[in-house]
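Residue numbers (my numbering): 13 to 484.
C-beta atoms are modelled at their ideal positions from N, C-alpha and C, and glycine is treated no differently.
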Amino acid sequence: ASILVIINFVITLTLMSSLAAHDYHAEIVPLWDWFAFIGDFHIPWAMQIDTLSVTMLAVITGVGALIHIYAIGYMHGDEGFARFFAYLNLFIFFMIILVTGNNYLMLFVGWEGVGLCSFLLIGFWFDRKHGVGLANSRAARKAFIANRVGDAAMILAMILTFWVFGTLEFEPVFAHAIEMFEAHEEIMLFGMSFQLGAVLSAITALFLIGATGKSAQLPLYIWLPDAMAGPTPVSALIHAATMVTSGIYLIVRSNVLFEIVRESNYLLFNVISTNDLVALIGASTALWAGLIAFTQWDVKKVLAYSTVSQLGFMIAAVGMGAYVAGMFHLITHALFKALLFMGSGSIIHGMEHGHHHYLDHHGGHGDDHHGGHDDFDPQDMRTMGGLRHKMPWTFWTYIVGTLALAGIFPFAGFWSKDEILAHASWNQTALAGEWIYPVVYVLLTLAAFCTAFYMGRQIKMVFFGEPRSEVV
13 ASILVIINFV
23 ITLTLMSSLA
33 AHDYHAEIVP
43 LWDWFAFIGD
53 FHIPWAMQID
63 TLSVTMLAVI
73 TGVGALIHIY
83 AIGYMHGDEG
93 FARFFAYLNL
103 FIFFMIILVT
113 GNNYLMLFVG
123 WEGVGLCSFL
133 LIGFWFDRKH
143 GVGLANSRAA
153 RKAFIANRVG
163 DAAMILAMIL
173 TFWVFGTLEF
183 EPVFAHAIEM
193 FEAHEEIMLF
203 GMSFQLGAVL
213 SAITALFLIG
223 ATGKSAQLPL
233 YIWLPDAMAG
243 PTPVSALIHA
253 ATMVTSGIYL
263 IVRSNVLFEI
273 VRESNYLLFN
283 VISTNDLVAL
293 IGASTALWAG
303 LIAFTQWDVK
313 KVLAYSTVSQ
323 LGFMIAAVGM
333 GAYVAGMFHL
343 ITHALFKALL
353 FMGSGSIIHG
363 MEHGHHHYLD
373 HHGGHGDDHH
383 GGHDDFDPQD
393 MRTMGGLRHK
403 MPWTFWTYIV
413 GTLALAGIFP
423 FAGFWSKDEI
433 LAHASWNQTA
443 LAGEWIYPVV
453 YVLLTLAAFC
463 TAFYMGRQIK
473 MVFFGEPRSE
483 VV
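Below is the structure:
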């Protein structure tokens, strides 16, 4: 399973080299006609190889390969070892379909596939004892249901797109939209005439709802923290390289439609444009999740809320039209967040090992590898402290990931986060009449300070001070 993902990463590097050699000219690789049996209507199963898709492939397969290798050791000895890697490979497969498809229907197949795989992986330990299995199953159902809300909006968006443009392929849809915008054409729907800006505002608003589900933004962020119920490699894969990046990819891929809405100056309910709504939701989520992270004691839940917060930065960036900055932060976040989650897995394993060692020397006995008969929680930071002496390698790698997440110079997170803040600052200066950009800038700036605080708190509680339990 790991070898397959590594091979995919090597193929991705080859594609990147080929794109560079051909001046980054996009290529459509048709495989077969998927739907071709209803008159002239057909939807091809084809791959779109361009800068965006190859960038996403590099993140998915590169980080995914590292997580697969890490999972070999982490899941060693687990009864569901083979099943786990089957699900993990299927997850990567559907993400590849999502980012390489050349039409919205292929994207939706991958979109639904990663939703299914997340359900299977979050609830992977459904058979654990003492109520743990039931809690894991509930977390999986919560993720599945929350994502169905976004999926319903995605279906409506695709229906409306096909109704207006007669196709779901990206390039024809975008080209037709540009032609209609330049010709000031109006669209007939339900026997009424609508401006293109109004129709595209509806489509992009539905895309936004879909993105809030997959990328865990307000108000549909509630499923992501509970996704910690799955094994740590699952948390790393979902939070870093795969599922949560889907919503960002959808908006960036549909940037032509979003930019036409921006140029048309159409306001939803005469209040706010879709683009500004995207930016506001992203910035609000970034701060809200950062504040919630202050209150968490679970080492993985702090990282979970930090993921929600950083996704807010990305959503805010693409809402402001800073697509490159948003993608840049997506890449850097995938790297340092995977590092942090794998580090947290090392911490949890160390605490579990210490717990079993403690029981063995005090006449007790452990129950199973991932839970015991007592109330000990290996993820509770209140039972940790002083681990830098016990786990020096984990400590230093965790420090690197933390500095990157907090946006400390010269680590990767500094450059990507600073680019987003710079764009927000420039927008509030250049567009003085717009109220939205000063608000977005303030929210993102506060969120950046929150990130440094809750990660510093986690480092102190886990690695510094005196041990707060016999287990350490």
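Residue of 407, 461, 337 minimising C-alpha distance to residue 318: 461
Residue environment, residue 385, which counts as buried when at least 16 other CB atoms sit within 10 Å: A caution first: residue 385 carries a pLDDT of 43, below 50, which makes its placement in the model unreliable, though a value can still be read off. Residue 385 comes out exposed.
Spatial distance of residue 43 from residue 281 (CA atoms): 43 Å
Where residue 418 sits in the DSSP three-state scheme: coil
Test item: CB-CB of residue 193 and residue 250 under 7 Å: no
Residue 439 in three-state terms, based on DSSP: helix
Where residue 205 sits in the DSSP three-state scheme: strand
Distance between residue 24 and residue 31 (C-alpha atoms, nearest Å): 10 Å
Exposure of residue 345, with buried meaning 16 or more beta-carbon neighbours within 10 Å: buried
CB-CB length for residue 328 against residue 295, believed under 8 Å: 4 Å
Sequence-distant residues of the same chain with beta carbon closer than 8 Å to residue 211, five excluded per side: 172, 176, 199, 201
Neighbourhood of residue 71 by C-beta distance below 8 Å, restricted to the same chain and skipping five residues each side: 253, 257, 342, 343, 346
Rounded straight-line distance, which links the Cα of residue 265 to that of residue 117: 13 Å
Per-residue burial, residue 274 [other beta carbons within 10 Å of its own, 16 or more giving buried]: buried
With 16 other Cβ atoms within 10 Å as the buried cut-off, status of residue 394: exposed
For residue 477, the three-state DSSP class (helix, strand or coil): coil
Beta-bridge pairing of residue 199 - partner residues as DSSP gives them: 206
When 403, 358, 73, 302 are compared against residue 108, the one with the closest alpha-carbon: 73
Euclidean distance between Cα positions of residue 486 and residue 148: Nothing in the structure corresponds to residue 486, since the chain is present only between 13 and 484.
Segments assigned alpha helix (DSSP H), at least 4 residues, entirely inside the stretch 329 to 413: 335 to 372, 399 to 402
Residue 89, buried or exposed, once every other Cβ within 10 Å from all chains shown has been counted against 16: exposed
Identified DSSP bridge partners for residue 44: 57
DSSP state of residue 310 mapped onto helix, strand, coil: strand
Contact test: residue 137 Cβ vs the ligand SAM heavy atom, cutoff 6 Å: For the ligand SAM, the structure offers nothing, since it holds no ligand at all.
Residue environment, residue 405, which counts as buried when at least 16 other CB atoms sit within 10 Å: exposed
Limits of the alpha helix (DSSP H) - the one that residue 250 falls within: Where residue 250 is concerned, there is no enclosing alpha helix (DSSP H), given that its DSSP letter is neither H nor E.
Sheet register partners of residue 280 (DSSP bridge): 284
Opposing strand residues paired with residue 39 [DSSP bridges]: 61
Inter-residue Cα distance where the pair is residue 136 and residue 243: 8 Å
Residue of 162, 96, 112, 92 minimising C-alpha distance to residue 124: 162
Where residue 204 falls, given that 16 or more other Cβ within 10 Å makes a residue buried: exposed
Option nearest residue 164 by Cα separation, candidates 222, 62, 196: 222
Beta-carbon proximity check, residue 99 vs residue 132, cutoff 7 Å: yes
7 Å Cβ shell around residue 92 - same chain, five flanking residues per side excluded: 136
Presumed contact (8 Å Cβ cut-off) between residue 126 and residue 156, rounded CB distance: Not confirmed; about 12 Å, so no contact.
DSSP state of residue 135 mapped onto helix, strand, coil: coil
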